[in-house]
Amino acid sequence: MSDCRDLVLKLPGSWTYRRCGGCGSLWMEPLPRPEAIPGFYPENYYTHDASVSSGPIPRHAIGRLRLSIQLAILEARFGYRIPEQWWERAVGRGWAKSVQALLPGFPAGRMVRFLPFRKGGKLLDVGSGSGEFLTRMRELGWKVEGIEPDGRAAGQSTKLGLPVRQGGIEDAELRPGSYDAITLSHVIEHLLDPRAALERCIAALRPGGVLVSLSPNPTGWNARCLREIWRGLEPPRHLILPSPSGYQAILSGLPVRAVVSTSPLDMGFFWHWSRKNAGCSTSEAFETFWARVMNWIVGPLLVRLRPQAGEEIVCIATKNAGSPESAEGETKRRE
Numbered sequence: 090m091s092d093c094r095d096l097v098l099k100l101p102g103s104w105t106y107r108r109c110g111g112c113g114s115l116w117m118e119p120l121p122r123p124e125a126i127p128g129f130y131p132e133n134y135y136t137h138d139a140s141v142s143s144g145p146i147p148r149h150a151i152g153r154l155r156l157s158i159q160l161a162i163l164e165a166r167f168g169y170r171i172p173e174q175w176w177e178r179a180v181g182r183g184w185a186k187s188v189q190a191l192l193p194g195f196p197a198g199r200m201v202r203f204l205p206f207r208k209g210g211k212l213l214d215v216g217s218g219s220g221e222f223l224t225r226m227r228e229l230g231w232k233v234e235g236i237e238p239d240g241r242a243a244g245q246s247t248k249l250g251l252p253v254r255q256g257g258i259e260d261a262e263l264r265p266g267s268y269d270a271i272t273l274s275h276v277i278e279h280l281l282d283p284r285a286a287l288e289r290c291i292a293a294l295r296p297g298g299v300l301v302s303l304s305p306n307p308t309g310w311n312a313r314c315l316r317e318i319w320r321g322l323e324p325p326r327h328l329i330l331p332s333p334s335g336y337q338a339i340l341s342g343l344p345v346r347a348v349v350s351t352s353p354l355d356m357g358f359f360w361h362w363s364r365k366n367a368g369c370s371t372s373e374a375f376e377t378f379w380a381r382v383m384n385w386i387v388g389p390l391l392v393r394l395r396p397q398a399g400e401e402i403v404c405i406a407t408k409n410a411g412s413p414e415s416a417e418g419e420t421k422r423r424e
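Each residue of the sequence shown is one higher than the last, beginning at 90 in my numbering.
What follows is the structure, encoded as structure tokens:
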């Protein structure tokens, strides 16, 4: 794909992407020099947003019902113990626990990036932004740390009392075998060497530790249909976009067991945003209606029929026991 333009932040220029004929991954060609990359992130890039919330209480009854079900799912399927909220007391959470068994767990699971509760577990979030996810996970009982390249976002996190280091995963000091979980939410596509980054993260996990990487799916339905205007492409900031098969190739030979899937979550809204950013949107009311239809009906059906059609890739890799890095980390931890 040639003549790809920045439809999000409107940086001048155009870029070319190539697709792997084997796995369907995308990469920018040529890749930029490392010193050029900071210029791709102007002051209005979204990690600069200082507003952080661990999850405001919805104003409307439907929103509160939805959140109550999500909290019930986190309890039933992920092991979190969440006190009943004041706005749930009228009916209690018991009804939500009954309903949750009939519903998919993905939207709620994404709130915790699919991490089951681990009492006293140590969590590192790579690309932690302004600290919203770390704040939520700290409230849920995790010991949290973050790494964030954007100085303003890292500063906002430290004001919240979060232990966040400014810098990138490429040069961060990570003690081997020191974390129970490491998460990267829409980080991997910004890196020049995804395998090296994932290898460093895996080395920093304890035996049985979990790495979760979320990223745009270049083989998804939106990516295939929208091509150059697809919101997930986002030139020039997205450098390499691994496909589900690409993740498996990247992780091959590393001491993990990986499960890679795709999700239809927000597929309709990404369709709408892509068309709107490109100036293709017609009726705002119709586009919004169609986005909701895609989110709730078309997207889930597509992923059921074609598992790689989702908008977002979810890679969950569990570290094997007994790897050299694990043994070294366990020894240092005991010392």
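The beta-carbon is built from N, C-alpha and C at its ideal position, and this holds for glycine as well. Please read all numbers here as calculations on a predicted model, not as lab measurements.
Setting aside the 5 residues that flank it on each side, tryptophan 362 is surrounded in the same chain by Arg320, each with a C-beta closer than 8 angstroms to its C-beta; the list follows chain order. In the three-state DSSP reduction, proline 296 falls in the strand class (E or B).
For the set Glu228, Val348, His279 and Thr371, the Cα lying nearest the Cα of glycine 128 is the one of His279. Three or more beta-carbon pairs separated by less than 8 angstroms link the region 102-115 to the region 329-338, which places the two stretches in contact. Residue environment for arginine 295: buried (at least 16 other C-beta atoms within 10 angstroms of its C-beta).
Between the region 345-356 and the region 385-395, the count of C-beta pairs closer than 8 angstroms reaches three or more; the two stretches touch. Annotation: the region 300-355 contains the following complete segments of the beta strand (DSSP E) (minimum length 3 residues), in chain order: 345-352.
Going by beta carbons, methionine 90 and arginine 316 fall inside the 9 angstroms limit.
Leucine 96 places its beta carbon 9 angstroms or farther from that of proline 325.
Annotation for phenylalanine 222: Arg202, Asp214, Thr272 and Ser274 place their beta carbon closer than 8 angstroms to its own, counting only its chain and skipping 5 residues before and after.
The beta-carbon distance between alanine 197 and glutamine 159, rounded to whole angstroms, is 4 angstroms. This is short enough to meet the 8 angstroms contact definition. When Ala270, Arg254 and Pro252 are compared, the shortest CA-CA separation from lysine 208 is found for Ala270. Cβ atoms of valine 382 and glycine 399 stay farther apart than 8 angstroms, at about 16 angstroms. Counting of Cβ neighbours within 10 angstroms places alanine 374 among the exposed residues, the total staying below 16.
Residue state for tyrosine 268 is assigned as strand, using DSSP reduced to three classes. Beta-bridge partners assigned by DSSP to valine 253: Gly235.
Between arginine 122 and alanine 161, the alpha-carbon positions lie close to 47 angstroms from each other. Following the DSSP letters along the chain, one finds glutamate 401 inside the beta strand (DSSP E) bounded by residues 401-408. Under the three-state reduction of DSSP, arginine 284 is assigned to helix. In the three-state reduction of the DSSP assignment, leucine 96 falls in the coil class.
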